[in-house]
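Those protein sequence lines, which keep their order, are chains A and B.
Counting from 1 along the first sequence, just add 1 to a position and that's the residue number in the working numbering.
Counting from 1 along the second sequence, just add 1034 to a position and that's the residue number in the working numbering.
Have a look at the structure below, then the notes.
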Amino acid sequence: MLDGFQESFREEAYELLANLEQSLLELEDNPEDLDTISAVFRSMHTIKGSAAMFGFDRISEFTHHVETMLDDVRNGRLPVTRSLIDLTLTCRDHIRHMLDEPEDDANDSESKRLIGLLTEEMESTKNAGREPLVIDQPISTEDIGADGEQPEAVPSSRAVDSNDAGVTKTWHISFRPDPTLLVNGTNPLLLLAELHELGECTAVADTGSIGSLDETDVTQAMVGWDIFLTTDQPRNAIEEVFLFVQGQCRLSFRLVDEIDFSDEEEHTKRLGQILVERGVVDANVVERAVSQQKRLGQVLVNEGVDAHEVESALQEQEHIRRARQRVQTEAAAASIRVQSEKLDDLVDLVGELVTLQARLSQTVDSDSIGGLQAIAENFDRLISELRDHTMSIRMVPISSTFSRFRRLVRDLSRELGKEVDLITEGGDTELDKTVIERLHDPLVHVIRNSVDHGLENPGVRAAAGKSETGTVSLIARHVGASVEVRVVDDGKGIDTERVRARAVERGLIAKDAELNDQEVADLIFQPGFSTAEAVTTVSGRGVGMDVVRKELEKIGGSVSIQSCQGEGTTIIMSIPLTLAIIDGLLVRIASERFVVPLSNVEECIEYQGDSQKSEVVTVRGELLPIVDLRREFGITGERPDLEQAVVVDTGIGRVGFVVDAVIGDHQTVIKNLGRLYNGIETVSGATILGDGSVALILDVQRLAIGKGHAARRA
Amino acid sequence: MSTKVKVVNIDGEITLPHAESVAQTIQKALDEKPMVLLSLSQARDIDLAGIQVIYAARRYAQKKDRSFHITGAVPETIARRLHQAGFSHGIYLDGRDLDARLVEFGSSEVSHA
Chain A
2 MLDGFQESFR
12 EEAYELLANL
22 EQSLLELEDN
32 PEDLDTISAV
42 FRSMHTIKGS
52 AAMFGFDRIS
62 EFTHHVETML
72 DDVRNGRLPV
82 TRSLIDLTLT
92 CRDHIRHMLD
102 EPEDDANDSE
112 SKRLIGLLTE
122 EMESTKNAGR
132 EPLVIDQPIS
142 TEDIGADGEQ
152 PEAVPSSRAV
162 DSNDAGVTKT
172 WHISFRPDPT
182 LLVNGTNPLL
192 LLAELHELGE
202 CTAVADTGSI
212 GSLDETDVTQ
222 AMVGWDIFLT
232 TDQPRNAIEE
242 VFLFVQGQCR
252 LSFRLVDEID
262 FSDEEEHTKR
272 LGQILVERGV
282 VDANVVERAV
292 SQQKRLGQVL
302 VNEGVDAHEV
312 ESALQEQEHI
322 RRARQRVQTE
332 AAAASIRVQS
342 EKLDDLVDLV
352 GELVTLQARL
362 SQTVDSDSIG
372 GLQAIAENFD
382 RLISELRDHT
392 MSIRMVPISS
402 TFSRFRRLVR
412 DLSRELGKEV
422 DLITEGGDTE
432 LDKTVIERLH
442 DPLVHVIRNS
452 VDHGLENPGV
462 RAAAGKSETG
472 TVSLIARHVG
482 ASVEVRVVDD
492 GKGIDTERVR
502 ARAVERGLIA
512 KDAELNDQEV
522 ADLIFQPGFS
532 TAEAVTTVSG
542 RGVGMDVVRK
552 ELEKIGGSVS
562 IQSCQGEGTT
572 IIMSIPLTLA
582 IIDGLLVRIA
592 SERFVVPLSN
602 VEECIEYQGD
612 SQKSEVVTVR
622 GELLPIVDLR
632 REFGITGERP
642 DLEQAVVVDT
652 GIGRVGFVVD
662 AVIGDHQTVI
672 KNLGRLYNGI
682 ETVSGATILG
692 DGSVALILDV
702 QRLAIGKGHA
712 ARRA
Chain B
1035 MSTKVKVVNI
1045 DGEITLPHAE
1055 SVAQTIQKAL
1065 DEKPMVLLSL
1075 SQARDIDLAG
1085 IQVIYAARRY
1095 AQKKDRSFHI
1105 TGAVPETIAR
1115 RLHQAGFSHG
1125 IYLDGRDLDA
1135 RLVEFGSSEV
1145 SHA
């Protein structure tokens, strides 16, 4: 049983693992990208630290081994190879499994196996003597020392420095200008100003060398600096500031702090520790000073320790404390994690408000209460804004889903021996979190189909004059109140002859049925349809596209296909922005009211036919099937002399829904009907109207399919 | 103003080209008077040479058993530059505050411990 903290860790770990996967795939494309190597290492490091903190010891222990290998990569000791990426991805999957199934008996043996592989990978690569990543060693400013004095130890090579771009670190820079620096035309204060632009900077001037006026040449530089710079810039960016004073100063860099959010607690060094590390005092001197129960700095100065060194150490301590606080505050302010249940509750409350507002507007309209009209209008505006803002909180960019498919396509292409590029566009398009989650499975089906059935083998592609590498594009964009997601491949397209033959074979269409290419292509959405010669683990079980359509319909979406033989296939999925509130068209039959999703409505016409007898209506010369809602829902009573037909695009064709009257548009807060009504397919939910009564929301696709007819749009 | 005090007013820049002449002016004033006050209120800019002049003047005064202090308003440009370059831990716009808080200016006291 997981407690709340462990559950939080798991949520965080899932995100980290998703980022890790993404970074590994990027690394595969750019094996020399040091930023990505660093990102991979950081993700693993954070998972390890957090796992240990929340009691997932097995994960922490296993991750430690992966981290060791990645550390070698980060330090340029191991090259990034395909096998290394494969192995790290497998380790990532294993960590995910350990999170999902912490009690699985097989976890330990799998960990052991993978640790063995990690060791092998490290040994074999090193023994093979392969060259590490190409990293130029820059001219180090540590070599600048004018008087041959050895600079302070610098902790890392360039490889590590550049890797750490984006990681917030604090550097202690010791800058001691030569006396001639000023007369040579350099203003060191400007260098300090430049450093301030790189991050949070504290300078401590050492004025100890400035003598009395009568014995000092004030045109000679006599001041040195200890500078503490907290920055996410790489070290070479700091070095560049001092580029023009090379040979005119002594300069050294020392890494004194690295802000790592996986650390359980802050490790702010004590003053004595800093001074001992700098070699200014011995530890026993500090111990003795501490025992005096007085201010340590003052005691040390009184004991003859250089006042500047003490001041500098104090400033280092204060600087790091301040920098950590600032970075952590910024990180905390950037985003907050909110349980989705709380958001659901908020959306529900806003939904109630919207309903109440509709009721208020209706009351004001009917009662004509003076002065209340303006208040109701303002209330209406505010509620609309509140609704939009609340809904936007639930919106997440679709890129979070897109990024998962990189791994899928990578693995599929390996499995099928195809070269595939995945291109994504419009990743910043936002959708309701719930919608995005439910979009995942349909997208998996479609992408699998594209890679398996759509794209040809490299040899076939080459023979057809195409690039051997196929392309699958995921493209998202806003279209009205919906988001359209297209999966486009440049494969062989739908073989309409084969589809038609298979459809006839399965009895889906008559042998002599007259269907155009589009209608034939649409047959792949029929249940159980598949043209795959063999059932593969990838696809070809004949369930894919049918499932896609059903899943999309469940979230109020639709799917269609465009294909051109030899050029490729495009699957177009249209998804509502949110599942919570929709714009609807309110209609009436007798005293019952229903809501038709407005995004589906094309037009409303007067219906003069006899809906009890006729099955079609003529709209500007086009015959459309009709659904008589009065009959469908068993509503008794007299029909009006003139009925209305609401023409709806159901995604699989146009249908006219016959109603008594069209009332108007209505902001519809969707309420579930509850388990008792689960079996009713023709309604997708209900909404509460302004007068407190309930209106059912029609599932227009189901109603059209149920009738077994829909007119294909020309 | 007491005849024991002389105010040296910096009008313009206290930078490398002017550093030596300012240094001479202050040294002369300290030789003549037991207390010299340096006013930076009319100063437009300062560089390391100028800062060194102020420190060297203070040390000369201590050596000669004289008093040397900063007084009056401090232009923000000057106060900011002193802070950025690590000579003060804050931006002090009052001369007396700056005088009391310039790093290693007055005594061997450390800022806090």
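Backbone N, C-alpha and C define an ideal beta-carbon position, used for all residues, glycine too.
Please confirm whether A:Pro-493 and A:Gly-466 have their CB atoms less than 8 Å apart.
Checking the displayed sequence, the identity of residue 493 of chain A turns out to be Lys instead of Pro. No Cβ-Cβ contact shorter than 8 Å links A:Lys-493 with A:Gly-466.
At a CB-CB cut-off below 7 Å, which residues of chain A make contact with B:Lys-1097?
Within chain A, the residues near B:Lys-1097 are Ser-213.
Can you name the start and end residues of the alpha helix (DSSP H) that A:Phe-403 belongs to?
Per DSSP, A:Phe-403 belongs to the alpha helix (DSSP H) from 400-417.
Applying the 10 Å Cβ sphere with the 16-neighbour rule, what's the burial state of B:Ala-1119?
Answer is buried; the Cβ neighbour count reaches 16.
Taking contact to mean 3 or more Cβ pairs, one atom from each stretch, closer than 8 Å, check whether the segment 187-205 of chain A and the segment 236-247 of chain A are in contact.
The answer is yes - the segment 236-247 of chain A touches the segment 187-205 of chain A, with three or more Cβ pairs under 8 Å.
Rounded distance between the beta-carbons of A:Val-596 and A:Ala-696, thought under 8 Å:
Your pair A:Ala-696 and A:Val-596 checks out as a contact, with CB atoms roughly 5 Å apart and the cut at 8 Å.
Which residue spans inside the segment 583-671 of chain A form an unbroken alpha helix (DSSP H) run of at least 4?
Whole alpha helix (DSSP H) segments, 4+ residues: 630-633.
In terms of alpha-carbon separation, which member of A:Asp-661, A:Gly-569, A:Gly-638, A:Asp-629 lies closest to A:Arg-594?
Taking only the C-alpha atoms, the option nearest A:Arg-594 is A:Asp-661.
Would a C-beta distance cut-off of 8 Å place A:Val-488 and A:Val-447 closer than the cut-off?
Between A:Val-488 and A:Val-447, the C-beta spacing is below 8 Å.
For B:Ile-1125 and A:Thr-47, what's the separation of their Cα atoms in angstroms?
If you take the alpha carbons of B:Ile-1125 and A:Thr-47, they lie about 39 Å apart.
On a CA-only basis, which of A:Thr-425, A:Leu-344, A:Ala-359, A:Asp-349 is nearest A:Ile-394? Give me that one, please.
For A:Ile-394, the nearest C-alpha among the options comes from A:Leu-344.
Near A:Val-282, what residues of its chain come up, given a Cβ to Cβ distance below 7 Å and the 5 sequence neighbours on each side ignored?
Around A:Val-282: Leu-276, Leu-301, Val-306.
Taking the beta strand (DSSP E) that A:Arg-97 belongs to, which residues open and close that run?
Careful: A:Arg-97 lies outside any beta strand (DSSP E), inside the alpha helix (DSSP H) at 83-101.
So, is the C-beta of A:Asn-188 closer than 8 Å to a C-beta in chain B?
It does: the Cβ of A:Asn-188 has a partner Cβ on chain B nearer than 8 Å.
By Cβ distance, which residues of its chain are closer than 7 Å to B:Ile-1048, with the 5 residues on each side in sequence left out?
Taken in chain order, the residues that qualify are Val-1056, Ala-1077, Ile-1080, Gly-1084, Val-1087.
Assess, as a yes-or-no matter, whether the segment 350-365 of chain A is touched by the segment 677-695 of chain A under the definition of 3 or more beta carbon pairs within less than 8 Å.
The answer is yes - the segment 350-365 of chain A touches the segment 677-695 of chain A, with three or more Cβ pairs under 8 Å.
What three-state label does DSSP hand A:Asp-307 in the structure shown?
Correct three-state label for A:Asp-307: coil.
If I measure Cβ to Cβ from B:Lys-1040 and keep anything under 8 Å in the same chain, skipping five residues before and after, which residues do I get?
So the list reads Ala-1063, Glu-1066, Lys-1067, Met-1069, Val-1070, Leu-1071, once near-sequence residues are dropped.
CB contact below 8 Å: A:Gly-209 versus chain B
By this cut-off, A:Gly-209 is an interface position.
Sort B:Gly-1046, B:Arg-1114, B:His-1052, B:Arg-1130 by Cα distance to B:Phe-1102 and report the nearest one.
Measuring from the Cα of B:Phe-1102, the nearest candidate turns out to be B:Arg-1130.
Is there contact here, the segment 248-262 of chain A with the segment 175-190 of chain A, by at least three beta-carbon pairs under 8 Å?
The segment 248-262 of chain A is in contact with the segment 175-190 of chain A.
So the alpha helix (DSSP H) A:Thr-64 belongs to, where does it begin and stop?
Segment 58-75, the alpha helix (DSSP H) holding A:Thr-64.
A:Ser-401 versus A:Lys-555 - alpha carbon distance:
If I take the Cα positions, the gap works out to 21 Å.
Can you check whether the C-beta of A:Ala-206 is within less than 8 Å of a C-beta belonging to chain B?
Against chain B, the CB of A:Ala-206 has a partner CB under 8 Å away; the residue lies at that interface.
Quick one: what does DSSP say B:Gly-1046 is sitting in, helix, strand or coil?
Looking at B:Gly-1046 - three-state DSSP - the assignment turns out to be strand.
Output, in chain order, the set of chain A residues within a Cβ distance shorter than 7 Å of B:Asp-1081.
Ordered by position in chain A, the residues that pass the 7 Å Cβ test against B:Asp-1081 are Asn-188, Leu-190.
Alpha carbon to alpha carbon, how far is A:Arg-93 from A:Leu-18?
Approximately 7 Å between the Cα atoms of the pair.
If we count Cβ pairs, one from each stretch, closer than 8 Å, do we get three or more for the segment 60-67 of chain A versus the segment 113-128 of chain A?
The answer is yes - the segment 113-128 of chain A touches the segment 60-67 of chain A, with three or more Cβ pairs under 8 Å.
Taking only the alpha-carbon atoms, compute the straight-line gap between B:Gly-1046 and A:Ser-210 and give it to the nearest angstrom.
Rounded to the nearest angstrom, the two C-alpha atoms are 27 Å apart.
In whole angstroms, what is the alpha-carbon distance linking A:Val-291 and A:Ser-313?
Distance from the CA of A:Val-291 to the CA of A:Ser-313, rounded to the nearest whole angstrom, comes to 19 Å.
Select from the segment 1090-1114 of chain B all residues with a C-beta closer than 7 Å to any C-beta belonging to chain A, and list them in chain order.
Residues of the segment 1090-1114 of chain B with a C-beta less than 7 Å from any C-beta of chain A: Ala-1090, Ala-1091, Arg-1093, Tyr-1094, Lys-1097, listed in chain order.
Can you find the residues in the same chain that come closer than 6 Å, C-beta to C-beta, to A:Pro-180, ignoring five residues on each side of it along the sequence?
Contacts found: Gln-221, Ala-222.
Where A:Thr-683 and A:Leu-587 are concerned, what is the direct C-alpha to C-alpha distance, given to the nearest angstrom?
If you take the alpha carbons of A:Thr-683 and A:Leu-587, they lie about 16 Å apart.
Close-in-space but distant-in-sequence residues of the same chain around A:Val-560 (CB under 6 Å, 5 per side omitted):
Taking A:Val-560 as the centre and dropping the five residues before and after it, the same chain places the C-beta of Val-549, Arg-550, Leu-553, Met-574 closer than 6 Å to its C-beta, in chain order.
Report yes if the CB atom of A:Thr-171 is closer than 8 Å to the CB atom of A:Leu-230, and no otherwise.
Cβ atoms of A:Thr-171 and A:Leu-230: closer than 8 Å.
What residues in the segment 212-243 of chain A have a beta carbon less than 9 Å from any beta carbon of chain B?
Listed by position, the residues of the segment 212-243 of chain A near chain B (Cβ gap below 9 Å) are Gly-212, Ser-213, Leu-214, Asp-215, Glu-216, Thr-217, Asp-218, Val-219, Thr-220, Gln-221, Ala-222, Met-223, Val-224, Trp-226, Asp-227, Ile-228.
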